[in-house]
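Chains as they are written, first to last, in the working numbering: chain A, 1 to 294; chain B, 295 to 697; chain C, 698 to 1025.
Yeah, the Cβ is synthetic: ideal placement off N, Cα and C, and Gly gets one too.
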């Protein structure tokens, strides 16, 4: 059976691959969306923080012999702390200004971080192996699915849905959402709003770093791994609607699938299809698919 | 009468004894090493090319011969506009006489034009475009180490002859990738093989899973990688994840360097078939030189590009010495006249279209168990003799060559 | 009667708004700039200066949009690069003389600017930045795929030609003064756009758009016109650059080029007259001197962004203007 000239089996395989890639997009755009949606900060350093997460995993292995499983916790914590530091020292001063200054600052931070890592490690990738429990794969008939990639999808889904749940359905999330809408009032209720903001930024950054650890065994760990990814992730967040957590998750997975199909029918365009979609969406729905108007 | 004779003789002797650099522009032979110092190709050429050039100057004995040789280095970041800016600045304002190395064909083509306009010399080691000795050939350029035709020919025909007769191409979607695919496809078909499919991936790409899936579905015996650098490494690495080799297919790397194999590690790269012009462990002479090189290059063995820089600079200096001038066009002509000889490539020559000739080698990457230590990566599958290694002179459309 | 009819755009502007004459300090600064630029090629490598001038024009054009309309476009490289390709192709393949080639590039950028502007001008803030980026990426993809652009090789060996049949542009100094003339014309067009009734309306829109609308102006039209001027002059810069360097390449349509022009404008001073020029020269000089240090260039550029945004938001010329208490 063929669909548009491509065997159905091959298409299912591509669909699955698309979901796997979508998982990365979803996790990364989730962090970005949390940061923008709740804090109105445009974090252009997200790609660099993703890269830092992968590097922390690499260092943890090289210097401390700590493998993949501990790194899943260590990397987000370490990079999250870096994020907290960044927010406390620099981002805090920009809240009263136009959002675009936050974008320019984080863009600058990204350049500095990427430049420093490149200086030290060059731009060829460093190898990082998947943990032994996740090597090998399953023969599904229409394709051979590496275990590690299956794990990536499952884990990302858990994290994404968990984050969505915490923010949209719990009291903590409610405080957070209230604090962004009316910080003074929420502060008056005794909640330390600045600290919440700082921790939320740290959490968003930690999500990026977690995506970095997930990525390390698949892609080479290299200083520029986040550089071209960041504009794609931005596109995902914008399409989903800035401020909509579910929008980013859905769009992230959706984009992965669309990209997957593009790779079958018009592979050369697979890097660009996201931008075409973004332009179309913004023309029709200027606030994105699920977005709230600013 | 005798006094005049003595005077004339004395004058002649004085003239003969005048230092070699009397006719060399401002007394200094200035070489510019331009390549990618910190990006994707920095391991293939990068700072190692400077080490190689310095070794050439040393081995030539410039100091003893009273010749002043200076080396300057620049990073073109793989961009033709940066490369051409640097070339202009070097030629116009900094009195550079020859530019050496230049990986990345788009930059090399731009520099080829500028060097020609300004009458200087260009010794290409890093770039692959066979157009440099074809449509774009120039009396100021010599293409030293390898080119797309030689790679396609070596890997393509040799692989088909040893049973790899169905091919699927994974091609980087840019001019260079297309050219590599086209050249290799022609060779495969001519050798009796068949191309069962091809897919073009954006350049650069981080995730090859989708394309590898298509390659697997094609059931081709050989997956030809018409890409380079990080793309090749990622494709092979992810191919291991998806069980390509386990499934019975083999990768053929159309542009792979020993530094790529080093980055991949033997576990992943084993069985990969590739063509190169040089390997550090080929014979006693290459081993001796490579050890000297590695001592100055943090223990890393030289790639063929870096070896090519050594060979080209050595021959260039010999030509300048013989000609007593560093006029670009004249030196290049002299380099074509003189046969070449160095410990790395042995005896060879430079053709009228600027193509340096030497044998090429088909290598196969060893299994981890077969390797005796660091950098012991290759076994020689075949030696392609000089007559067959490069595109025949009359097939290149080079305007310098009369039909 | 005519209560519901909207007045034509020009009418109220001319009657109700008076543009002040050119302030003396700006005239003085312009004279200084002119003298420096005329003398410079005799002291500094002219090809470097020509590059800086092209980027200075690009930055001035970009500044029109961000400094005076308040819109951050993250896709301006599309205009720089496309004009470069058009100009290079016209000169090399069609054999156009340089003045027509540059004109072709300018018109191409203008056309592109009109289309993209019409589609994006309704957005603002981060959405505008994103949608301009999206279109720029599509232009990049097109440039990569189209046969005539030569992919990653670009269009090479573009002839310099003879300007108006008289001036041989292969002579470095002749080329330089032609580039200087192009830059000055572009600079003055930007200046005139700002210091005019049109510019005053833009200012009103930037400060309080609903009020401007209530006065009868249609902000979208004004913003679009500013966008098109900005795109067209960016195209002139790109077209000229292609002739000077005899090359049109993918670098000029890549999104990092859009980031560079933001850096130049920010460093020089957004919303100032001379800021973009100074910013462009500073950034190009930085690139030149740090070129050999590989990644350090990126690090320094990033630091400049960070420092400028935190403590130096007005940029070099902005701070200078504040010291002198006169806008520059």
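Handout entry: residue 672/B, enclosing beta strand (DSSP E) - first and last residue
Key = Start at 1 with the first residue of the second chain, and residue 672/B comes out as number 378. Where residue 672/B is concerned, the enclosing beta strand (DSSP E) stretches over 672 to 678.
Problem - Assigned exposure category for residue 763/C - 16 Cβ within 10 Å defines buried - result: One-based indexing of the third chain puts residue 763/C at position 66. Classification for residue 763/C: buried.
Handout entry: N- and C-terminal bounds of the beta strand (DSSP E) containing residue 322/B
Key = Position 28 of the second chain, counting from 1, holds the residue named residue 322/B. Residue 322/B -> beta strand (DSSP E) spans 322 to 329.
Handout entry: Residue burial classification, residue 58/A (beta-carbon count within 10 angstroms, cutoff 16)
Key = Indexing the first chain from 1 puts residue 58/A at position 58. With 16 or more other Cβ atoms within 10 Å, it is buried.
Practice task
Could you have a look at residue 334/B and say whether DSSP puts it in helix, strand or coil?
Solution key: Locating residue 334/B in the second chain gives position 40, where the first residue counts as 1. Residue 334/B: coil per DSSP, three-state reduction.
Problem - residue 138/A in three-state terms, based on DSSP - result: Here the question's residue 138/A lines up with position 138 in the first chain. Strand at residue 138/A.
Handout entry: is_contact[residue 802/C, chain F] using C-beta, thresh 7 angstroms
Key = The structure shown contains no chain F; the protein chains it does contain are A, B and C.
Problem - Under the three-state DSSP convention, the category residue 919/C falls into - result: By one-based count along the third chain, residue 919/C stands at place 222. Three-state result, residue 919/C: helix.
Handout entry: Option nearest residue 954/C by Cα separation, candidates 778/C, 878/C, 898/C
Key = Locating residue 954/C in the third chain gives position 257, counting from the first residue. Checking every option, the nearest Cα to that of residue 954/C belongs to 778/C.
Practice task
Could you please give me the residues that DSSP links to residue 462/B through a beta bridge?
Solution key: Sequence index remark: in the second chain, residue 462/B carries index 168 (1-based). According to DSSP, residue 462/B bridges with 491/B, 517/B.
Handout entry: residue 526/B to residue 555/B span [Cα, whole Å]
Key = For this step, residue 526/B is matched to residue 232 along the second chain. For this step, residue 555/B is matched to residue 261 along the second chain. Spanning the two alpha carbons is a distance of roughly 10 angstroms.
Problem - Within-7 angstroms CB hit, residue 171/A to chain B - result: Looking up residue 171/A in the first chain gives position 171. So no, residue 171/A is outside the interface.
Practice task
State the start and end residues of the unbroken alpha helix (DSSP H) segment that holds residue 173/A.
Solution key: Here residue 173/A is taken as the residue at index 173 of the first chain, counted from 1. Run containing residue 173/A: 171 to 181, per the alpha helix (DSSP H) assignment.
Problem - Residues of the region 387 to 412 of chain B with Cβ closer than 8 angstroms to any Cβ of chain C, in chain order - result: 387, 399, 400, 403, 404, 407
Exercise for the section: Take residue 782/C as the anchor and find which of 757/C, 731/C, 1000/C, 843/C has the nearest alpha-carbon. Expected result: Within the third chain, residue 782/C is the residue found at index 85, counting from 1. Nearest C-alpha to residue 782/C: 843/C.
Exercise for the section: Return the first residue and the last residue of the alpha helix (DSSP H) that residue 481/B is part of. Expected result: The count along the second chain starts at 1 and reaches residue 481/B at position 187. Its alpha helix (DSSP H) spans residues 469 to 484.
Exercise for the section: Determine, using beta carbons only, whether residue 744/C comes closer than 7 angstroms to chain B. Expected result: The residue given as residue 744/C occupies position 47 in the third chain. Interface residue, yes.
Handout entry: Beta carbon proximity, residue 13/A to chain B, threshold 7 angstroms
Key = As a working note, residue 13/A is residue 13 in the first chain. Judged by the 7 angstroms Cβ criterion, residue 13/A is in contact with chain B.
Exercise for the section: Could you tell me the distance, in whole angstroms, from the CA atom of residue 708/C to the CA atom of residue 928/C? Expected result: If you number the third chain from 1, residue 708/C lands on position 11. If you number the third chain from 1, residue 928/C lands on position 231. Note that residue 708/C has pLDDT 43, beneath the 50 cutoff, so the model's placement of it is unreliable and the number below is only indicative. Taking the straight line joining both Cα atoms gives about 26 angstroms.
Problem - residue 146/A classed as buried or exposed, judged by whether at least 16 other C-beta atoms fall within 10 angstroms - result: The residue labelled residue 146/A in the question sits at position 146 within the first chain. Buried, because 16 or more other Cβ atoms sit within 10 Å of the Cβ of residue 146/A.
Handout entry: As assigned by DSSP and simplified to three states, the class of residue 437/B
Key = Along the second chain, one-based indexing puts residue 437/B at 143. Correct three-state label for residue 437/B: strand.
Practice task
Assign residue 582/B to buried or exposed, taking buried as 16 or more other Cβ atoms, counted over all protein chains shown, within 10 Å of its Cβ.
Solution key: Within the second chain, numbered from 1, the residue matching residue 582/B stands at position 288. It counts as exposed.
Exercise for the section: Evaluate the contact criterion for the region 226 to 242 of chain A versus the region 35 to 48 of chain A: three or more CB pairs, one atom per stretch, below 8 angstroms. Expected result: yes
Handout entry: Backbone CA spacing between residue 149/A and residue 532/B [nearest angstrom]
Key = The residue you call residue 149/A lines up with position 149 of the first chain. The residue you call residue 532/B lines up with position 238 of the second chain. Distance between the alpha carbons of residue 149/A and residue 532/B: 11 angstroms.
Handout entry: residue 214/A and residue 291/A closer than 7 angstroms at C-beta
Key = In the first chain, the residue the question calls residue 214/A occupies position 214. In the first chain, the residue the question calls residue 291/A occupies position 291. No, the Cβ-Cβ distance between residue 214/A and residue 291/A is not below 7 angstroms.
Practice task
Compute the Euclidean distance between the alpha carbons of residue 256/A and residue 135/A, then round it to the nearest angstrom.
Solution key: For the purposes of this step, residue 256/A is taken as residue 256 along the first chain, with counting starting at 1. For the purposes of this step, residue 135/A is taken as residue 135 along the first chain, with counting starting at 1. Rounded to whole angstroms, residue 256/A to residue 135/A spans 23 angstroms at the Cα level.
Handout entry: One or two residues paired with residue 569/B in a DSSP bridge
Key = For the purposes of this step, residue 569/B is taken as residue 275 along the second chain, with counting starting at 1. The partner list for residue 569/B (beta bridge, DSSP) reads 656/B.
Handout entry: alpha helix (DSSP H) segments (min. 4 residues) lying fully within the region 856 to 918 of chain C
Key = 869 to 891, 894 to 904, 906 to 911
Problem - Chain-order list of residues whose beta-carbon lies under 6 angstroms from that of residue 794/C (same chain, five-residue window excluded) - result: Numbered from 1 along the third chain, position 97 holds the residue referred to as residue 794/C. Once the five neighbours on either side are set aside, the close Cβ partners of residue 794/C are 858.
Exercise for the section: Measuring only between beta-carbons, confirm whether residue 35/A sits less than 7 angstroms from chain C. Expected result: Here the question's residue 35/A lines up with position 35 in the first chain. Not an interface residue.
Practice task
Give me whichever residues DSSP pairs with residue 643/B in a beta bridge.
Solution key: The residue given as residue 643/B occupies position 349 in the second chain. 651/B.
Handout entry: Where the region 327 to 341 of chain B meets chain A: residues whose CB sits under 7 angstroms from a CB there
Key = 332, 333, 334, 336, 337
Problem - Cβ-Cβ distance between residue 328/B and residue 368/B below 7 angstroms - result: Your numbering for residue 328/B matches position 34 in the second chain. Your numbering for residue 368/B matches position 74 in the second chain. Yes, the Cβ-Cβ distance between residue 328/B and residue 368/B is below 7 angstroms.
Exercise for the section: Could you tell me which of 450/B, 674/B, 324/B sits nearest to residue 462/B, measuring between CA atoms? Expected result: In the second chain, counting from the first residue as 1, residue 462/B sits at position 168. Of 450/B, 674/B, 324/B, the residue nearest in Cα terms is 450/B.
Exercise for the section: Leaving aside the five residues before and after residue 692/B along the sequence, list all residues of the same chain whose C-beta is less than 7 angstroms from its C-beta, in chain order. Expected result: If you number the second chain from 1, residue 692/B lands on position 398. Hits under 7 angstroms: 427, 428, 431, 647.
Handout entry: Minimum Cβ-Cβ distance from residue 866/C to chain B less than 7 angstroms
Key = By 1-based counting over the third chain, the position of residue 866/C is 169. Cβ-Cβ to chain B under 7 angstroms: no for residue 866/C.
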